[in-house]
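To start, the structure itself, in structure tokens.
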Amino acid sequence: MKYEGNVIKYGNNVDTDVIIPARYLNTFDEKELAKHCMEDIDKTYITRVKPGDIMVGGLNFGCGSSREHAPIAIKASGISCVIAKSFARIFYRNAINIGLPIIECPECSDEAEEGDKIGIDLDNGVIINYNKRKSYTIHHFPEFIQEIIKAGGLMKHIRQRQ
Amino acid sequence: MAMTMTQKILAKGAGLNEVKPGQLIRAKLDMVLGNDVTAPVAISEFEKAGLTRVFDRKKIALVPDHFTPNKDIKSAEQVKMMREFAGKMGIENYFEIGRVGIEHALLPEQGLVVSGDIVIGADSHTCTYGALGAFSTGVGSTDMAAAMATGDVWLKVPEAIKFNLIGKPSEWVSGKDIILHIIGMIGVDGALYKSMEFSGEGLEFLSMDDRFTIANMAIEAGAKNGIFEVDTETLKYIAEHSEKDYEVFTADSDAEYVKEYTIDLSKIQLTVSFPHLPENTKTISDTGNVPIHQVVIGSCTNGRMEDMRMAAKILAGRKVHPDVRCIIIPATQKIWKECMLEGLFEVFIDSGCVVSTPTCGPCLGGHMGILAEGERAVSTTNRNFVGRMGHIRSEVYLAGPAVAAASAVTGKISSPEEVIG
Ligand code: SF4
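Chains as they are written, first to last, in numbering that gives the first Met the number 0: chain H, 0 to 161; chain F, 0 to 420.
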């Protein structure tokens, strides 16, 4: 699995209320949700984001509620992958379960700047920041997560099991 | 190997003699929960996958509490989906208007969770049931969908942080002040991925309502779960509310913790969390002059009977400040009725509060008390993120019921002493 795109950068503790405010939770239509993604902290996000772009956050990305609408909104807005120093645990589960790749890489998160071009090769465990001419090694997902990803998400994985 | 409370419960759920931190397990579930925001997503996933049966009709709870009574057509459609799914699958614990309450107050009250249980809920505050000595944690909708079919969930065994509670809290200090103090101390990611385990002689001064409040906000420190040692108080609560079998797990005396804190409850002061993160705490004497426009007393954190009583004690014979709207939301129908029978509604109404039917409502900026631009609220809820209760330039200050009620009277953040003298 390979991804390439430009960085859209945020800070620490990006919470699910700003990723998708609760006032829009009366629907789970992904296109509807995507329209309001990040709007409370970044009004221009939705006009700026291009398919394949990579969202980079700091510590505790996705903290707050358990709403799966948050990774769904990010994915539907065009983001191919989220990199952060650390993720809130429910957000981490949800992203994996809906098939949005997320990577913990503190160094890359510190050094990446808005607009940098980044390439990710999940199979070989590397991230390259072309603007900074730097590469970073990343951990492979544990086996059970690879299985879920390979199956195409948790529900497909369950169906195979049954 | 020595294990913590959480590790022992997880080992039981996985059918293993022991588990280690970091180990991936598949655990059997005693309860799977969803609400009107998360369950519709799960139901749609469940149906998309072509699944036709749930694992156990008694072990699923569907609680439409967030926008109840449905605030608009879209939320009504979401609840309709839950109602129809519950009917089709024969799910016993679907709670219709008139029976519904805020999920995390409702489940323990209905006796649906007891100590030793393993519970997942598609709601981050599912960690509340740790107060009963259960392992409970929030997950997403896809996890819920899968769990409704299989009755199990994949989990990583967490490391634990131990909180040894000693001393007796002073008057007006409640569970909320204790947990806000702890979050202020360790930060919103201070317990990321970990269990927060509460024990110690100070437990005897904490009511079940205090413990529910504390466990409820474990997620605000990033924790996977919060859990309390089971004592006579817990067993009394379980006996009064449930007929389910329960099992008590105690941590081994040599269990490993990544950190241990001793918290002297007698030193904890009334605490307020300033915008926009729960870790931005100040003790009441450091809050300064903060005029407010709204007070909310309710939610899965502080919408229980003791919260109502504490608020009433301060509001009795006094008036809500003319510039303040004070919204009181008993968390369940049962609490509502108890408030009514104890005469608390008379107190609230005479002082100029409005009393709402049980709902999450303003806690998540859903309805029933949304803030306009520039407005400030003191709220007994659990999150003060940007835009949580309304406009992105509104502010939420988190506090316990005593500070919230006192602030409603004075029109600014205040301690009960300022009001009662
Ligand atoms: S009261 Fe607030 S925090 Fe609790 S379940 Fe409802 S929305 Fe969530």
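Beta carbons: idealized from backbone N, C-alpha and C, even for Gly. Computed from a predicted model, the values in this text were never measured in an experiment.
Hey, could you find the ends of the beta strand (DSSP E) arginine 308/F is sitting in? Taking the first residue of the second sequence as 1, we reach residue 308/F at position 309. Segment 304-314 is the alpha helix (DSSP H) holding arginine 308/F; no beta strand (DSSP E) there.
Using a Cβ-Cβ cut-off of 6 Å (strictly less than) and excluding sequence neighbours within five positions of threonine 286/F, which residues of its own chain qualify? As a working mapping, residue 286/F is identified with position 287 in the second sequence. If we look at threonine 286/F and ignore the five residues flanking it on each side, its Cβ neighbours are Val271 and Ile412.
Sub-8 Å separation of glycine 129/F and glycine 225/F beta-carbons: For the purposes of this step, residue 129/F is taken as residue 130 along the second sequence, with counting starting at 1. For the purposes of this step, residue 225/F is taken as residue 226 along the second sequence, with counting starting at 1. For glycine 129/F and glycine 225/F, yes; Cβs fall inside 8 Å.
Examine the ligand SF4 and report whether any of its heavy atoms sits within less than 7 Å of the Cβ of serine 241/F. What you label residue 241/F is simply residue 242 of the second sequence in a count that begins at 1. Every heavy atom of the ligand SF4 is 7 Å or more from the Cβ of serine 241/F, so no.
Can the beta-carbon of valine 395/F be found less than 8 Å from the beta-carbon of proline 274/F? As a first step, residue 395/F must be located in the second sequence, where it is residue number 396. As a first step, residue 274/F must be located in the second sequence, where it is residue number 275. In contact: valine 395/F and proline 274/F (Cβ atoms closer than 8 Å).
Pick from Arg82/F, Ala104/F, Gly21/F and Gly420/F that is closest to tryptophan 335/F, judged by C-alpha positions: Position 336 of the second sequence, counted from the first residue, corresponds to residue 335/F. When each option's Cα is compared against that of tryptophan 335/F, the closest is Ala104/F.
What are the boundary residues of the alpha helix (DSSP H) that includes glycine 174/F? Taking the first residue of the second sequence as position 1, residue 174/F is located at position 175. Residues 174-185.
Answer with buried or exposed for glutamate 170/F, where buried requires no fewer than 16 other C-beta atoms within 10 angstroms of its C-beta. Along the second sequence, read from residue 1 onward, the residue named residue 170/F stands at position 171. Under this definition glutamate 170/F is an exposed residue.
What does DSSP give as the partner residue(s) for tryptophan 153/F in the beta ladder? Against the second sequence, residue 153/F aligns to sequence position 154. Answer is Arg25/F, bridged to tryptophan 153/F.
Find the nearest neighbour of proline 290/F within the set Gly410/F, Glu259/F, Phe197/F and Pro168/F, judged by alpha-carbon distance. Locating residue 290/F in the second sequence gives position 291, where the first residue counts as 1. Out of Gly410/F, Glu259/F, Phe197/F and Pro168/F, Gly410/F has the C-alpha closest to the C-alpha of proline 290/F.
Mapping DSSP to helix, strand and coil, what is glutamine 268/F? Translated into positions along the second sequence, residue 268/F becomes position 269. Coil.
Does tyrosine 91/H come out as helix, strand or coil in the three-state DSSP assignment? For this step, residue 91/H is matched to residue 92 along the first sequence. If DSSP states are grouped into helix, strand and coil, tyrosine 91/H belongs with the helices.
On a Cα-Cα basis, can you pick out the residue from Asp28/H, Ser108/H, Glu146/H and Val48/H that is closest to asparagine 11/H? Stepping through the first sequence from its first residue, residue 11/H is reached at position 12. Of the listed residues, the one whose Cα sits closest to asparagine 11/H is Ser108/H.
Leaving aside the five residues before and after leucine 205/F along the sequence, list all residues of the same chain whose C-beta is less than 7 Å from its C-beta, in chain order. As a working note, residue 205/F is residue 206 in the second sequence. Excluding residues within five positions, the ones whose Cβ falls inside 7 Å are Gly174.
Assuming isoleucine 213/F is part of the alpha helix (DSSP H), what are its boundary residues? The count along the second sequence starts at 1 and reaches residue 213/F at position 214. Per DSSP, isoleucine 213/F belongs to the alpha helix (DSSP H) from 207-215.
What runs of the beta strand (DSSP E), each 3 residues or longer, lie entirely inside the stretch 36-106 of chain F? 59-62
Below 7 Å, is the gap between the Cβ of serine 421/F and the nearest heavy atom of the ligand SF4? In the structure as shown, chain F begins at 0 and stops at 420. Residue 421/F is therefore absent and cannot be evaluated.
Length of the line joining the Cα atoms of glycine 63/H and glycine 365/F: Stepping through the first sequence from its first residue, residue 63/H is reached at position 64. Stepping through the second sequence from its first residue, residue 365/F is reached at position 366. Each residue's alpha carbon lies about 16 Å from the other.
DSSP three-state assignment for proline 105/H, whether helix, strand or coil: Residue 105/H sits at position 106 when you count from the first residue of the first sequence. Helix at proline 105/H.
Is it true that the CB of leucine 9/F sits closer than 8 Å to the CB of valine 156/F? Residue numbering aside, residue 156/F sits at position 157 when the second sequence is read from its first letter. Residue numbering aside, residue 9/F sits at position 10 when the second sequence is read from its first letter. A contact, by the Cβ cut-off of 8 Å.
May I ask which residues mark the beginning and end of the beta strand (DSSP E) holding glutamate 113/H? One-based indexing of the first sequence puts residue 113/H at position 114. Where glutamate 113/H is concerned, there is no enclosing beta strand (DSSP E), given that its DSSP letter is neither H nor E.
Of all Cβ atoms in chain H, is any one closer than 8 Å to the Cβ of glycine 12/F? Numbered from its first residue, the second sequence carries residue 12/F at position 13. False, the Cβ-Cβ gap to chain H never drops below 8 Å.
Using three-state DSSP, classify leucine 32/F as helix, strand or coil. Counted from its first residue, the second sequence places residue 32/F at position 33. Strand at leucine 32/F.
Quick check: is the beta carbon of leucine 23/F nearer than 8 Å to any beta carbon in chain H? Residue numbering aside, residue 23/F sits at position 24 when the second sequence is read from its first letter. By this cut-off, leucine 23/F is an interface position.
Quick test of the definition: if touching needs 3 or more C-beta pairs under 8 Å, does the stretch 22-33 of chain F touch the stretch 319-331 of chain F? no
Checking contacts by CB at 8 Å: is aspartate 55/F closer than that to chain H? Position 56 of the second sequence holds residue 55/F. No, no contact with chain H.
Just the Cα atoms here: how many angstroms apart are tryptophan 357/F and proline 20/F? Walking along the second sequence from the start, residue 357/F turns up at place 358. Walking along the second sequence from the start, residue 20/F turns up at place 21. Checking the sequence shown, residue 357/F turns out to be proline, not tryptophan. Between proline 357/F and proline 20/F, the C-alpha separation is close to 39 Å.
At 7 Å on the CB atoms, spell out the chain H contacts of lysine 422/F, in chain order. There is no way to answer for residue 422/F, as the model of chain F reaches only from 0 to 420.
Are any of the Cβ atoms in chain H nearer than 8 Å to that of valine 118/F? As a working note, residue 118/F is residue 119 in the second sequence. So, not an interface residue.
Name, please, each residue of chain F whose Cβ falls closer than 8 Å to the Cβ of leucine 58/H. Here residue 58/H corresponds to residue number 59 of the first sequence, with the count starting at 1. Within 8 Å Cβ-Cβ: Asp188.
Spatial neighbours of glutamate 203/F in its chain, beta-carbon cut-off 8 Å, leaving aside the 5 residues before and after: The sequence position of residue 203/F within the second sequence is 204, counting from 1. The residues are Asp230 and Glu232.
Taking DSSP as the reference, what is the three-state secondary structure of serine 134/H? Here residue 134/H refers to the residue found at position 135 of the first sequence. In the structure shown, serine 134/H sits in a strand (DSSP, three-state: E or B).
Is there at least one Cβ from chain H nearer than 8 Å to phenylalanine 134/F's Cβ? Residue numbering aside, residue 134/F sits at position 135 when the second sequence is read from its first letter. Closer than 8 Å: no.
Residue closest to alanine 146/F, alpha-carbon to alpha-carbon, out of Gln332/F, Lys27/F and Met367/F: The residue labelled residue 146/F in the question sits at position 147 within the second sequence. Of the candidates Gln332/F, Lys27/F and Met367/F, the one whose C-alpha sits nearest the C-alpha of alanine 146/F is Lys27/F.
Residue-chain proximity (arginine 132/H, chain F), Cβ-Cβ < 8 Å: Reading the first sequence from its first residue, position 133 is the one you call residue 132/H. Not one chain F Cβ lies under 8 Å of arginine 132/H.
Can you give the Cα-Cα distance for alanine 222/F and valine 55/H, rounded to whole angstroms? For the purposes of this step, residue 222/F is identified with residue 223 of the second sequence, where counting begins at 1. For the purposes of this step, residue 55/H is identified with residue 56 of the first sequence, where counting begins at 1. Cα-Cα distance, rounded: 23 Å.
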